[in-house]
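Residue numbers for the sequence shown follow numbering that gives the first Met the number 0, so the first one is 0 and each next one is one higher.
Accompanying notes for the structure given below.
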Amino acid sequence: MNGIVSRIESKDYYVFTEDKEIRCSLRGKFRLEAEWKKDKLLYTDLVVVGDHVKFSLNDDGTGVIEELPERKNYLSRKAPLLKGISEKGKRVEQIIAANVDYTVCVTSTKNPKFNNRVLDRMIVTAESCKTKPVIVINKIDLEKKKKKHLWHELYSTWGYNVFSCSAETRKGIEELKDFLKDKVSVFIGHSGVGKSSILNSFSDKIDQNVEEISEAWDKGVHTTVTSVLFKINDSTFVIDTPGIREIEPYGITKKDVTHYFKELANYSRNCRFSNCTHTHEPECKVKEAVEEGNIFEERYESYLRLIESLDEEEF
Ligand SMILES: Nc1nc2c(ncn2[C@@H]2O[C@H](COP(=O)(O)OP(=O)(O)O)[C@@H](O)[C@H]2O)c(=O)[nH]1
Ligand SMILES: [Mg+2]
Ligand SMILES: [Zn+2]
0 MNGIVSRIES
10 KDYYVFTEDK
20 EIRCSLRGKF
30 RLEAEWKKDK
40 LLYTDLVVVG
50 DHVKFSLNDD
60 GTGVIEELPE
70 RKNYLSRKAP
80 LLKGISEKGK
90 RVEQIIAANV
100 DYTVCVTSTK
110 NPKFNNRVLD
120 RMIVTAESCK
130 TKPVIVINKI
140 DLEKKKKKHL
150 WHELYSTWGY
160 NVFSCSAETR
170 KGIEELKDFL
180 KDKVSVFIGH
190 SGVGKSSILN
200 SFSDKIDQNV
210 EEISEAWDKG
220 VHTTVTSVLF
230 KINDSTFVID
240 TPGIREIEPY
250 GITKKDVTHY
260 FKELANYSRN
270 CRFSNCTHTH
280 EPECKVKEAV
290 EEGNIFEERY
300 ESYLRLIESL
310 DEEEF
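The following block contains the structure:
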């Protein structure tokens, strides 16, 4: 039988088939292999939420996953420094979900305050994993001004899909839900921005806890990202993720970053050096554009902070 992994609880893998959810275990041989490769591979990476799996059915209605899935793509990030999964301070890759079309990067206008640098990290993470970023600015009900958020206008101008909404008043929720039709979308963003609230507003079948204390695992208590997948209809799936304190792209180098800042990339083609990092090099068209006001300064600052945080030697 075939299905999609919807959530993982310890050694239980819940799998959606067309009409039900079946609790499966993983064939023992896979587990041994995972332990043997411990320094290379996370146990949870063998099968993750969003994976398409083949399984056999037991007499009691539970199942056994028989084959490791192949993935179209997967969303991952740099794992936080944790005992057991980080060798000598080197940060490993942590998979959030597999077979993802859209990475919905959720932010809020207030509580917590909008932070464009956090958003840029999410966008780079999404695109470097070959998923399409979709920007959501939630909690617009908390804004006094009626006009669109400045950052909404800016990111739209740069060519991103942006939605402003309120899970509280439902404003903008139907538009967002329509956009996600027939896709698999994973919702990421800092704790408290309203990911679970937005998903709850999509369907009566979704009842995620809001205001969860979800950062414990980031501080080293747990080691897994427990994403949960929901079926809106047979072809539309959404994935909730626990609050993540930092979202950092995995496996990219400093020189890759320009490519993910669309409007910087346009200018960088004409920089004198093809490997220009737009920091100190002469005849840098990006820096010129910033000085002339053609690139928004805060966006350039965000770019600089991101490349500073990348360790060139790592890859
Ligand atoms: N005012 C307002 N509060 C919201 C909105 N969406 C979520 N919240 C509140 O923000 C808090 C965090 O929401 P939650 O969905 O748990 O955020 P998550 O950590 O991203 O999943 C809760 O107290 C929600 O009631 C919104 O659109 N407007
Ligand atoms: Mg939540
Ligand atoms: Zn340059």
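Glycine included, C-beta positions come from ideal geometry on N, C-alpha and C.
Predicted, not measured: the structure shown is a model, and the values here were computed from it.
- [ ] Entirely within the region 235-283 and at least 4 residues each: give me those alpha helix (DSSP H) ranges in chain order.
- [x] 261-267
Task: Contact test: Gly242 Cβ vs ligand 4 heavy atom, cutoff 7 Å - done: Questions concerning ligand 4 fall outside what the structure shown contains, since the ligands it does hold are ligand 1, ligand 2 and ligand 3.
Task: Whole-number beta carbon distance between Leu45 and Leu67, since they are thought to touch under 8 Å - done: 6 Å
Task: 6 Å Cβ shell around Ser267 - same chain, five flanking residues per side excluded - done: Thr257 and Val285
Task: Cβ-based neighbour list, Val161, same chain, cut-off 6 Å, excluding 5 preceding and 5 following - done: Correct list, in chain order: Ile134, His151, Tyr154 and Ser155.
Open item on the list: Within the continuous beta strand (DSSP E) that includes His51, where are the two ends?
Closed with: From DSSP, the beta strand (DSSP E) with His51 extends over His51 to Leu56.
TODO: Please list, in chain order, all residues of the same chain as Ile94 whose beta carbon is under 6 Å from its beta carbon, the five residues on each side excluded.
DONE: Asp44, Val47, Tyr73 and Ser75
Open item on the list: Alpha carbons only, please: which of Asp59, Pro248 and Lys138 is nearest the one belonging to Thr102?
Closed with: Considering only alpha carbons, the answer is Pro248.
Open item on the list: DSSP three-state label for Ile306, please.
Closed with: helix
Task: Neighbourhood of Gly193 by C-beta distance below 7 Å, restricted to the same chain and skipping five residues each side - done: Val105, Ser107, Asn137, Lys138 and Ala166
TODO: Closer than 5 Å is what we want: which residues have a beta carbon that near any heavy atom of ligand 3? List them in chain order.
DONE: Cβ-based neighbours of ligand 3 within the cut-off: Cys270, Cys275, His277, Cys283 and Val285.
Task: Contact between the region 140-147 and the region 173-180 (3+ Cβ pairs under 8 Å) - done: no
- [ ] Assign Gly219 to one of two classes, buried (16 or more other C-beta atoms within 10 Å of its C-beta) or exposed (fewer than that).
- [x] Caution applies to Gly219, whose pLDDT of 40 falls short of 50 and renders its modelled position unreliable; the value that the coordinates give is listed next. That one is exposed.
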